[in-house]
Amino acid sequence: MERIVGLSSKQVQKLLTQFGYNEIASRPRQTPFQIVLSQFTSVLVVLLIIASIASLFLGDLLDGIFILAIVILNGILGFIQEYKAEKTIAALKKMTVTPVRVIRDGVEQKIDSKLLVPGDVIILEEGDKIPADGTLLESLHLKVNEASLTGESMPVEKNVHDEEKRMIYLGTVVARGRAKVEVSATGMQTRFGQVAASLSQIKEEETPLQKKLDVLGKQLGILAIAASGTVFIIGFLAKHPLIEMILTSISLAVAAVPEGLPAVITITLAVGMQRMAREKAILRKLSSIEALGSATVIATDKTGTLTRNEMRVAKIWLDGTSYSSHDKSLQLSHRDFGRLLTAGVICNNASLVFKHDHGKYDIIGDTTEGALLHLASDRGLVTEQVKQNGTLLEEFAFDPTLKMMTVVWESNQQKFVYTKGAPESVLERSMLDQQTRQNIETAFREFANEGLRVIALAYKDIQHVPENREEAEKDLIFIGFVGIADPPREEVKEAIALAEHAGIRTIMITGDNEKVARAIANQVGIENIMAGVLPQDKAEKVKELQKTGKLVA
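Quick note on the working numbering: the sequence shown kicks off at 39 and runs consecutively.
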């Protein structure tokens, strides 16, 4: 394969001028002046300002200054809360700088992803977040997690030979393998950017409280004018002095305006905002507190929201019996279970790395392989120790056609073949009678119907290293299989129950398939699901709910 040179510095500058930074445009941040101005736009506050001016005109300095002071303090309090939220959000955005490896002028460099341009050649490895849309130039065992776009928890295979699998997209993550990619689109021209653009067209609406306060303000204004007008007419007809009746009517109109109401509302919302902050929830606007409290429906994504976006073994099948992964009757002393765990650890290219910031292990590599490591680790096997106690003699990498991976392993002067892969592929190469084969096929189909991804494992003892893959993968001894899924977050079921108790209905809107969506919904207590929904269509589903009078979070 010819050497990749990439773009020249001169070409990059020209393309950067043409296409701009590789960034997803967001709504412009409010300036401090705009935040201040927004505190004085409600009908009620306008009425108070008019009442203050009227009081000063009447010579009632105390009332005029008092009302004006309330308006100003109310504005300052609202400004402080919203300005702090804006600064916090801006600080969080600065933390999301993503470095990327790129080939330019024939040299590999590391740059900020926002400086990428169409035509750039980037290098991706396991764990990398894909920084732009692109087309594969080279790939090796590449799998990509596209949950952010499709809702599909399982990584999808990518390769240069299949036109439909050559494209990769901004915001997705390399789950396995490595690749060189030519950038085809950046920023708002990417698939992710087009979704963002459609969402940016949604107009901001007033919250229920803002609408009610505006109605109240208008009603008070009309009543005040009507009452003062009536008093003026009655006084005028009763021959009272004209100036006296004008002043009396204005005084009555001023008295009708509840000057303390905006301050009470702002203080109440500010207290709520502070409480939310203590719960690690940042609210950009004070009015969001009340809007959230008025919600009647929660529309939620599945992957990474209801679920952990981490693959874990949920069920295990051994010797004709299905077990929960938490079943304590399965011990390492169980011969088949111990062998299944060993096969899952050795026939595996992922690894577990302890992260001190959140006190748990993260998967480096393919998430499906990582699930097998987590299972072994949870049952007391030190995965790195298992690997250190033997020697890898040969590896036949995962083949997308065979749907299998096989290794030849030596431990304690004994040689073994360990294989894992799609159950139908492993079964085909295992020594089993027809009845046992049919029973296993029925069992793994049941797992699949529950929305689980099924991985089968097999082994055999050998005397010498096989000459080729075909020899290594024939006459296997079938161990069993596992069902892997993206489990729900521990706190979700209780949160949904609390929402239901408060009269709020929860609806799952996901891009994942219905089987997987239904399985998660049953676990967390959601009755309403919409599966197979594309990201750009999710906003339409929310609009449909809003048209029926629902207030949707």
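Just so you know, even glycine gets a beta-carbon here, dropped at the ideal spot from N, CA and C.
Being a predicted model, the structure only gives us computed values, none of them experimental.
Within a 10 Å sphere around the beta-carbon of ARG373 sit fewer than 16 other beta-carbons, which makes this residue exposed. If you ignore the 5 residues before and after LEU180, its C-beta comes within less than 6 Å of the C-beta of LYS196, GLY215 and ALA217, all in its own chain and listed in chain order.
Across the structure, LYS323 and GLY116 are spaced so that their CA atoms are roughly 9 Å apart. Each residue's CA atom was taken as its position, placing THR69 and LYS48 some 36 Å apart.
Boundaries for ASP143: no alpha helix (DSSP H) harbours it, and the DSSP string shows neither H nor E there. Between the beta-carbon of ILE401 and that of LEU390 there is about 6 Å, and that keeps the pair under the 8 Å contact cut.
Within 10 angstroms of the beta-carbon of ALA481 lie 16 or more other beta-carbons, which makes it buried.
Per the coordinates, the alpha-carbon of VAL445 lies some 6 Å from the alpha-carbon of VAL455. Taking VAL211 as reference, the option from ASP200, LEU86, ALA170 and PRO461 with the minimal CA-CA separation is ALA170. Annotation for LEU430: no alpha helix (DSSP H) segment contains it, though the beta strand (DSSP E) segment containing it runs 429-437. Two segments are said to touch when three or more pairs of C-beta atoms, one from each, lie closer than 8 Å; by this definition the region 73-84 touches the region 100-119.
Bounds of the beta strand (DSSP E) holding ILE161 are 159-162.
Rounded to whole angstroms, the separation of the alpha carbons of ASP101 and THR268 is 23 Å. By the Cβ rule, the region 298-314 does not count as touching the region 91-107, because fewer than three pairs are nearer than 8 Å. In this structure, the straight-line span from the alpha carbon of GLY209 to that of LEU187 is close to 8 Å. Burial is judged here by how many other beta carbons sit within 10 angstroms of a residue's own beta carbon; ASP471 has fewer than 16 and is exposed.
With three or more CB-CB distances shorter than 8 Å, the region 375-385 counts as touching the region 418-425. Distance from the CA of VAL292 to the CA of ILE105, rounded to the nearest whole angstrom, comes to 10 Å. A contact is defined here as three or more CB-CB pairs under 8 Å, and the region 251-266 fails this definition with respect to the region 337-344. Straight across, the Cα-Cα distance linking ALA557 with LEU54 is about 46 Å.
For MET192, no beta strand (DSSP E) encloses it, and the DSSP letter there is neither H nor E. Within the region 301-378, the runs of alpha helix (DSSP H) that reach at least 4 residues and sit entirely inside it are, in chain order, 325-331. Secondary structure at ALA294: coil, using DSSP grouped into helix, strand and coil. CA-CA distance, ILE42 to THR173, rounds to 14 Å. For the region 45-115, the full-length alpha helix (DSSP H) segments reaching 4 residues or more read 47-57, 70-76 and 81-95 along the chain. In summary, GLY521 is buried, with 16 or more beta-carbon neighbours lying within 10 Å of its beta-carbon over all protein chains present. In the pairwise beta carbon analysis, the region 549-563 is classified as not touching the region 276-296: fewer than three pairs are separated by under 8 Å. Fully contained in the region 445-493 are the following beta strand (DSSP E) runs of length 3 or more, in chain order: 452-459. DSSP places VAL424 inside the alpha helix (DSSP H), whose first and last residues are 421-426. By the beta-carbon neighbour count (other beta carbons within 10 angstroms, threshold 16), ARG316 is exposed.
For the beta strand (DSSP E) assignment, the region 244-281 encloses no uninterrupted run of at least 3 residues.
Annotation: GLY489 to VAL554 spans about 4 Å, alpha carbon to alpha carbon.
Cβ-Cβ separation between THR126 and ILE320: approximately 5 Å, consistent with a contact (criterion under 8 Å). Of the candidates SER191, GLY189 and VAL221, VAL221 places its Cα closest to the Cα of ARG204. Only residues of its own chain outside the window of five on either side were considered, and among them PHE434, THR444, VAL446, VAL455 and PRO504 have a CB closer than 7 Å to the CB of ALA510, listed in chain order. DSSP lists LYS458 as the bridge partner or partners of MET443.
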